[in-house]
Amino acid sequence: MSGDRPSPLVIERILRDRQGIWQQIVAERDLNALTGRMLVSSAVALACYGAVLGAFHSALMALTSAVKLPLLFLVTLVICLPTLYLFNLVFGARLSVRQSVALVMVAITVTSMLAVAFAPISLFFLITAPDYGFFKLLNVAILTLSAVVGLRFLTGGMQVLNEHGLLAPATAGQAANAATPAAQAVPAQAVPAQAVPASVEAAQPAPAVAEPVPAGAAVSGAAVAANGSTPAADGSAPATTQPAPAAGQPAPAQPAPVTQPALVAQPAFVGQPALVPAGYPAGMLPPGYPQRPWGTPPARRGEPGQRPASMTLLYIWILLFGFVGTQLAWTLRPFFGDPGQGFALFRSIDGNFYAEILRTIGNL
Numbered sequence: 017m018s019g020d021r022p023s024p025l026v027i028e029r030i031l032r033d034r035q036g037i038w039q040q041i042v043a044e045r046d047l048n049a050l051t052g053r054m055l056v057s058s059a060v061a062l063a064c065y066g067a068v069l070g071a072f073h074s075a076l077m078a079l080t081s082a083v084k085l086p087l088l089f090l091v092t093l094v095i096c097l098p099t100l101y102l103f104n105l106v107f108g109a110r111l112s113v114r115q116s117v118a119l120v121m122v123a124i125t126v127t128s129m130l131a132v133a134f135a136p137i138s139l140f141f142l143i144t145a146p147d148y149g150f151f152k153l154l155n156v157a158i159l160t161l162s163a164v165v166g167l168r169f170l171t172g173g174m175q176v177l178n179e180h181g182l183l184a185p186a187t188a189g190q191a192a193n194a195a196t197p198a199a200q201a202v203p204a205q206a207v208p209a210q211a212v213p214a215s216v217e218a219a220q221p222a223p224a225v226a227e228p229v230p231a232g233a234a235v236s237g238a239a240v241a242a243n244g245s246t247p248a249a250d251g252s253a254p255a256t257t258q259p260a261p262a263a264g265q266p267a268p269a270q271p272a273p274v275t276q277p278a279l280v281a282q283p284a285f286v287g288q289p290a291l292v293p294a295g296y297p298a299g300m301l302p303p304g305y306p307q308r309p310w311g312t313p314p315a316r317r318g319e320p321g322q323r324p325a326s327m328t329l330l331y332i333w334i335l336l337f338g339f340v341g342t343q344l345a346w347t348l349r350p351f352f353g354d355p356g357q358g359f360a361l362f363r364s365i366d367g368n369f370y371a372e373i374l375r376t377i378g379n380l
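Numbering (the numbering used here), first residue to last: 17 to 380.
If you want it as structure tokens, here you go:
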């Protein structure tokens, strides 16, 4: 299954057909519909998980956490997405805004769905071990694990785009290949020797070699008429052809003339496009041309193991996304609700997220 099928469980397609998702993003096919479905699925999943977090304090806190948790992820995306897009533009990547949004939304969808899958476990500990510090650390660990898995999907998608040459600037060779139609026929005399398959050369018939006749041998007029040949001026006997078959016997088979097949251009590993016969299998080159590894795009030819700057900056952007998300979570707190304090929509901004986590671990 490679196309986007109408189903509310978009996470099922992401997990089962991730290559189809990446190909859809590469081709920019129905990205608005795909992004919209991922946005709705993520918001619903994060709202359900936020309700479990706030249920530790009260029903009102569960309601506000159900609103604030999806808001946390989406606002973080809005803050960090321009940086990712501009990073790619600066280093020559050819990603569009829709492709960037779709890639990050795949990561957020996987994160939110994995988090809501942990919701029954979180609810179980809420009922059986209602300790505020333990419950807070448990859910921070769940969200961290879910985010790591989701961001792994983001890096996997970027690697697929890199394999298709979208993270590197267009080269002169790519422009030349794009200007040469794949189905354009070329003259036969322009074909390099190694571009013609060996089977065509082997099919050429060997020329007939006439056996010499001793000098001075008389050639009768009847023999000349029968063989259809004429004696040479120096008296030597010429090459003779096959005699005519007797009456009632089949004529000997004559070798069929070999015609040069029509040639078309195929992308080659290096240099100009290869010229191959019209019926040659697509993606294969004749003997003599270095074969390109399957799945290696033209932008990566001759550059094994080289990582573009866009991939390096992606990891920097992931760290930035994490710092912005944790600081925004600290700004939007409470999500759990301290049982020693009353309900509050927001707390005063003092301290930071990391200091609070270390303090909670110390209290345990």
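Glycine included, each C-beta is placed from N, C-alpha and C at the ideal position. It should be emphasised that the depicted structure is a prediction, and the values quoted were computed from it without experimental measurement.
Next on the checklist: Beta-carbon within less than 7 Å of Phe337's beta-carbon, same chain only, minus the 5 sequence neighbours each way: which residues are those?
Outcome noted: Here Phe337 has Thr92, Cys96 as same chain residues with Cβ atoms under 7 Å from its own Cβ, once five neighbours each way along the sequence are excluded.
Checklist entry - Counting contacts by CB-CB distance shorter than 9 Å, is Arg168 in contact with chain C? => result Going by chain labels, chain C is absent from the structure shown, which holds only one protein chain.
Checklist entry - For Thr125, which residues of its own chain have a beta-carbon under 7 Å away from its beta-carbon, when the five flanking residues on both sides are left out? => result Cβ neighbours of Thr125 beyond the five flanking positions: Val26, Ile27, Ile30, Met54, Ser57, Ser58.
Checklist entry - Could you give the distance in angstroms between the alpha-carbon of Leu139 and the alpha-carbon of Phe359? => result If I take the Cα positions, the gap works out to 20 Å.
Next on the checklist: Quick check on this structure: which residue in Ile41, Tyr148, Val156, Asn368 has the alpha carbon closest to the alpha carbon of Val120?
Outcome noted: Measuring C-alpha to C-alpha distances from Val120 to each of Ile41, Tyr148, Val156, Asn368 identifies Ile41 as the nearest.
Checklist entry - If you check the beta carbons only, do Phe351 and Gly70 fall under 9 Å apart? => result Yes, the Cβ-Cβ distance between Phe351 and Gly70 is below 9 Å.
Next on the checklist: If you reduce the DSSP assignment to three classes, tell me which class Asn368 lands in.
Outcome noted: Here Asn368 carries a coil assignment [DSSP, helix/strand/coil].
Item to check | Cβ-based burial, Val65 [other Cβ within 10 Å; buried from 16] | outcome: Looking at the sequence itself, residue 65 is Tyr, so the reference to Val does not match. That one is buried.
Checklist entry - Would you call Val113 buried or exposed, if buried means 16 or more other Cβ atoms sit within 10 Å of its Cβ? => result Flag for Val113 reads exposed.
Item to check | Status (buried if at least 16 other CB within 10 Å, exposed otherwise) for Glu128 | outcome: The sequence given here places Ser at residue 128; Glu does not occur at that position. Taking all protein chains shown into account, Ser128 has 16 or more neighbouring C-beta atoms within 10 Å of its C-beta and is therefore buried.
Checklist entry - Mind checking Val106: buried by the 16 CB within 10 Å criterion, or exposed? => result Exposed: under 16 other Cβ atoms inside 10 Å.
Next on the checklist: Can you tell me where the alpha helix (DSSP H) holding Gln115 begins and where it ends?
Outcome noted: Per DSSP, Gln115 belongs to the alpha helix (DSSP H) from 113-133.
Next on the checklist: With a threshold of 8 Å, are at least 3 pairs of Cβ atoms found where one atom belongs to the segment 338-357 and the other to the segment 74-85?
Outcome noted: Touching, yes, given that three or more Cβ pairs across the two stretches are closer than 8 Å.
Checklist entry - Which word fits Ile37, buried or exposed, when buried means at least 16 other C-beta atoms lie within 10 angstroms of its C-beta? => result Of the residues assessed, Ile37 falls on the buried side of the cut-off, its CB having 16 or more other CB atoms within 10 angstroms.
Checklist entry - Taking just the CA atoms, how far does Ile158 sit from Leu130? => result In this structure, the alpha-carbon of Leu130 lies about 9 Å from that of Ile158.
Item to check | Identity of the residue in Ser74, Val122, Ala75, Ala78 nearest Thr51 by Cα | outcome: The shortest Cα separation from Thr51 among Ser74, Val122, Ala75, Ala78 belongs to Val122.
Checklist entry - Quick one: what does DSSP say Ala59 is sitting in, helix, strand or coil? => result Assignment of Ala59 by DSSP, reduced to helix, strand and coil, places it in the helix class.
Next on the checklist: Please classify Asn379 as buried or exposed, where buried requires at least 16 other C-beta atoms within 10 Å of its C-beta.
Outcome noted: Looking at its Cβ environment, which holds fewer than 16 other Cβ atoms inside 10 Å, Asn379 is exposed.
Next on the checklist: Just to confirm, is the Cβ distance from Leu170 to Gln115 under 9 Å?
Outcome noted: With respect to the 9 Å criterion, Leu170 and Gln115 are not classified as neighbours on the basis of their beta carbons.
Checklist entry - When you compare only the Cα positions, how much space is there between Ala63 and Leu88? => result If I take the Cα positions, the gap works out to 11 Å.
Item to check | Whether Thr376 touches Leu153 by CB criterion (9 Å) | outcome: In terms of Cβ geometry, Thr376 and Leu153 form a close pair [threshold 9 Å].
Checklist entry - Taking Cβ to Cβ, would you say Ile373 is nearer than 9 Å to Val132? => result Between Ile373 and Val132, the C-beta gap is not smaller than 9 Å, which leaves the two residues out of contact.
Checklist entry - Can we count Ile334 as close to the ligand GTP, meaning its CB is less than 8 Å from some heavy atom? => result The model depicted lacks the ligand GTP and carries no ligand whatsoever.
Checklist entry - Nearest to Leu344 by CA position, among Pro355, Ile332, Ile365, Phe134, is which residue? => result When each option's Cα is compared against that of Leu344, the closest is Ile365.
Checklist entry - Where does Asn104 land, buried or exposed, given buried means 16+ other C-beta within 10 angstroms? => result Result: buried.
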